[in-house]
Structures are given as C-alpha cells and as structure tokens.
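Just remember that the numbering used here sits 3 ahead of the position in the sequence shown, which is counted from 1.
Ideal Cβ placement from N, Cα and C applies to all residues, glycine included.
Single-structure report; data block below.
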Amino acid sequence: MEIITKRLILRPFRESDAEGLFDYLRAPVPNCFQDMKLESLDQAREEAKRRSESKDDTMFAVCLKDGGELIGELFAGGPSEENGAEFCDTYSPCWQFNPKYFGKGYATEAAEAYFDYLFGVKNARRLYAYTETDNISSQKLCKRLGMRLEAHYVEFVSFVKNPDGTPKYEDTLEYAILKREWESRHRKGGV
4 MEIITKRLIL
14 RPFRESDAEG
24 LFDYLRAPVP
34 NCFQDMKLES
44 LDQAREEAKR
54 RSESKDDTMF
64 AVCLKDGGEL
74 IGELFAGGPS
84 EENGAEFCDT
94 YSPCWQFNPK
104 YFGKGYATEA
114 AEAYFDYLFG
124 VKNARRLYAY
134 TETDNISSQK
144 LCKRLGMRLE
154 AHYVEFVSFV
164 KNPDGTPKYE
174 DTLEYAILKR
184 EWESRHRKGG
194 V
C-alpha cells in the first residue's frame, strides 16, 4: 500500500532503504528512539531487510515524491489481544524524521495522510501520541494535527542514562484526538 501526498510517498520499507535509515538512525532524535539506534551500515541493511519483510500495515517509509529519498518513518502501536477489547480501536502513532528535513512541513504532511489512513482504513476511533517535554517540535506537530493535551507524566520513563550511569527519567506529554474530532476539522477545512 502506498499513500501519496503533494510532496511525499508513504510506502512499505525496502531493502534499498538501508542508507536512508542509517542516516537518521545512527543518532535518533529524540531519546525515545534510542533503542532503534543503528551502529553501522551493515546493521542498517539488516534492519531495512527486516522491515521490508514485515507485514505491519501501520509502518511506512516516508519518501520525497521527487527523487524518492527516504526522509523518515511513521508507525503505530495498535490493537492487540494483550490490550483487551477496550483498546481494539485505538492506535498510538509515532513519527521520526531525518533532522536534515526538519522545518519543511514534511512531518505535518505525512502525519495528516497517516491519520487519514488510521481513521479511514484501519477504522481507528482514537489516536494518542507521547512526546517528551523537551521535544517542542513534536508537541507543535500534535497541536497542528488537532490533538489535545491529555496528560503530563512526571519522570515517566527512562531511555538514556545520566553521566553517572543512573537512569535519566523524562517527563512525557500525551496528546490525543478522536475520529469524530478529526473528521470535524476536515469538514471545517482545519487540516
């Protein structure tokens, strides 16, 4: 499945995406993606192969329409048997982009198309996203997407260590939007 926007193509990952993946996963931004860090191009090739073989229909490579360069990714935690019936229609979208492409509106363009996909094709009722309090650009993206701030978790999670080796706990914000709110914004021309 491909999703095409004005400037982007959202598509499944390919083995040929290794160099693009390595370009932004050798130093992931922000800390919550540190567990995805790639140490070498060989490791990136393995990751690109793994992703290309994945059947996950909520994971997309974000590529420039002109030239096809990989600039980021979208993926979502979603319904599973472990989550129970109350979460069968809820997804947690995530985005990660190469810092070389920050500030050009690509994340907004990709996320809008992705939200349309999750609400329309995957029949999501609710989407929620986590972002650390120091990740201002992600917070702004959530707001541009019409998401509301629902929670502020103090010292919620640790992704990295302090210089002394102890866990560095980060404050985390949770934003959310319901399908009816997303559809209302579209009817009013808000997105």
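Classification of residue i by the beta-carbon crowding that lies within 10 angstroms, buried from 16 upward
| i | result |
| --- | --- |
| G123 | exposed |
Which of helix, strand or coil DSSP assigns to residue i
| i | result |
| --- | --- |
| S95 | strand |
| E49 | helix |
| P33 | coil |
| I6 | strand |
| K107 | coil |
| L234 | Residue 234 lies beyond the range of the chain shown here (4 to 194); nothing can be said about it. |
| K171 | strand |
Beta-carbon proximity list for residue i, same chain, < 8 Å, skipping 5 on both sides
| i | result |
| --- | --- |
| D92 | P82, N126, A127, R128 and R129 |
| F118 | P96, L130, L148, I180 and W185 |
Contacting residues, own chain, Cβ-Cβ under 7 Å from residue i (five flanking each side not counted)
| i | result |
| --- | --- |
| C142 | Residue identity check: residue 142 is Gln in the sequence provided, not Cys. The residues are T134 and L176. |
| V32 | P102 |
| A79 | T61, Y94, S95, P96, C97 and L121 |
Whether residue i touches residue j by CB criterion (8 Å)
| i | j | result |
| --- | --- | --- |
| Y3 | L28 | As displayed, the chain neither begins before 4 nor continues past 194, which places residue 3 out of reach and without an answer. |
| R17 | S55 | yes |
| Y120 | I6 | yes |
| A21 | R48 | yes |
Quick one: any contact between the stretch 98-108 and the stretch 64-75, if contact means 3 or more CB pairs under 8 Å? Result yes; three or more Cβ-Cβ pairs closer than 8 Å.
Would you be able to state if there are at least three C-beta pairs under 8 Å between the stretch 36-46 and the stretch 146-160? The stretch 146-160, when compared against the stretch 36-46, does not touch it at the 8 Å Cβ threshold.
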